[in-house]
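**Student:**
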C-alpha cells in the first residue's frame, strides 16, 4: 500500500482543488456552457460531442483494465500459467484499428462542418449586413461602425436576431477577442485582419475578455456586448450620430476646458471621430456617462472616475495613460463632472 506523507497529501489535495476550481467561473456570463447565440451553441455542441466520446473511451478502457488486471493477476496457483497469446490475431488488430477511425470520423465530420459555417472573410459578408471594425489596444477595445460613421469603445452594441460581422485587428500587440456566451475566441493581429460573426438570440449584456496574454493588465482588458432589439439599436445609432451636447453646469464647463487642454489629444468626445485610425490612441468618450464601467472594470461612479484620473497605474498597470499629465484635485473634480455629462442616451 502506498502511504502519502503530510506534505504529499497537502500537494495532492491542492492539485485536486485547483483542478476543480479550473472549471469554475466567478461570473455566469463568462461561461461557454450557457450559449446565447447561434455561434456559441455550435461550439457547445462540439464540446459536448467530444466530451461524450472521450468519456466513453475512458470508461471502456478502464473496464478492460480492471477485467484484465483481475483475471490475469499473478497468484501462486497461476504463476506458471501462460495466457492465450493473441499476437497476429487479425480480427483484434482490425477491431482496434477501425474503432479509432470511426471515432475520428464522428468528431471530424461535425467539426469540419462547423469550421466552414464559422469561416468568414470580406467576400462572404452580405452587402446589407451590419459590419463592425474591432481593434484591440492596450488595454481597451475600439468599435467602429464604418457604414454609420460611429466610433466608440468598451461597449459593443448589436441588434438581436441577426448575424453581426466583425473585422478584427490589433493596434499595438497581439490580443484575442472572446465573448464566451456568444462565440469562441479569435486572435487580433497587427499585421493582418481576421473576421468572425456573432449572433445573440435575446436582449441582454454579454461580457467579453482578451484571451491572449498581452501585458500586465491583460486580465483587466474587459468589454461588454449589449444586445438590444432592432428598434433600440436604430435609436442608439441615431443618438450616437448626434453632436455631443455642451455642458451647462459651471464645474462641468471648467472641466471641458481642462479636457480640451490636457486630454483631447488622445481622447475624442465626438462619436463621429474624423481622425484617422492611427491617431485614435485612446478610448472614444462620446458616450462615457452611458457606460456601466470605468476603464472597463470599475463601476461608473464619480469616486471611481476620480481614482482613475488620479492614478491610472494603480487601476490598470502598464496602461498608456499613466504619467501623461498631472491634474490637481480641483481639476480632477472638474474633469469628472464633465465626463459624467457625456451621454448620448439622454439627449
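Residue numbers (UniProt numbering): 1 to 347. Glycine included, every Cβ here is placed at the ideal spot set by N, Cα and C. The structure presented is a predicted model; accordingly, all values stated were derived computationally and were not measured.
(1) Just to confirm the assignment: which complete alpha helix (DSSP H) runs, minimum length 4, are found wholly within the region 220–294?
(2) Indicate whether residue 284 and residue 152 have their beta-carbon atoms separated by less than 8 Å.
(3) Helix, strand or coil for residue 110 per DSSP?
(4) On the DSSP letters alone, give me the boundaries of the beta strand (DSSP E) that residue 156 sits inside.
(5) Pull up the distance between the alpha-carbon of residue 105 and that of residue 53, whole angstroms please.
(6) Around the C-beta of residue 263, are 16 or more other C-beta atoms found within 10 angstroms, so that it is buried, or is it exposed?
(7) When we look at the beta-carbon of residue 2 and count the other beta-carbons within 10 Å, is it buried (16 or more) or exposed?
(8) By alpha-carbon positions, which one of 240, 279, 58, 165 ends up nearest to residue 123?
(9) Answer yes or no: do residue 174 and residue 189 have a C-beta to C-beta separation smaller than 8 Å?
(10) With DSSP as the reference, please indicate the residues paired to residue 199 in a beta bridge.
(11) So the candidates are 119, 146, 30; which of them puts its Cα closest to the Cα of residue 276?
(12) Alpha carbon to alpha carbon, how far is residue 329 from residue 137?
(13) Let's see if you can read the secondary structure: which residues bound the beta strand (DSSP E) around residue 176?
(14) Hey, would you say the C-beta of residue 70 is under 7 Å away from at least one heavy atom of the ligand ADP?
(15) Is the number of C-beta pairs between the region 51–71 and the region 216–223 that are closer than 8 Å three or more?
(16) Would you tell me roughly how many angstroms separate the C-alpha atoms of residue 92 and residue 68, rounded to the nearest one?
(17) Counting C-beta neighbours from all protein chains within 10 Å, is the total for residue 367 16 or more, i.e. buried, or is it exposed?
(18) Any idea what DSSP makes of residue 166, helix, strand or coil?
(19) Hey, out of 171, 133, 312, whose CA is closest to residue 158's CA?
**Tutor:** Well, looking at it:
(1) 230–240, 250–262
(2) yes
(3) helix
(4) 155–159
(5) 12 Å
(6) buried
(7) Residue confidence for residue 2 is low, a pLDDT of 48 falling below 50, so the modelled location carries little weight and cannot support an answer.
(8) 165
(9) yes
(10) DSSP lists no partner for residue 199.
(11) 146
(12) 29 Å
(13) 175–179
(14) Absent from the structure shown: the ligand ADP. Ligands present: none.
(15) no
(16) 16 Å
(17) Because the chain in this structure spans residues 1 to 347, residue 367 falls outside the shown range and cannot be described.
(18) strand
(19) 133
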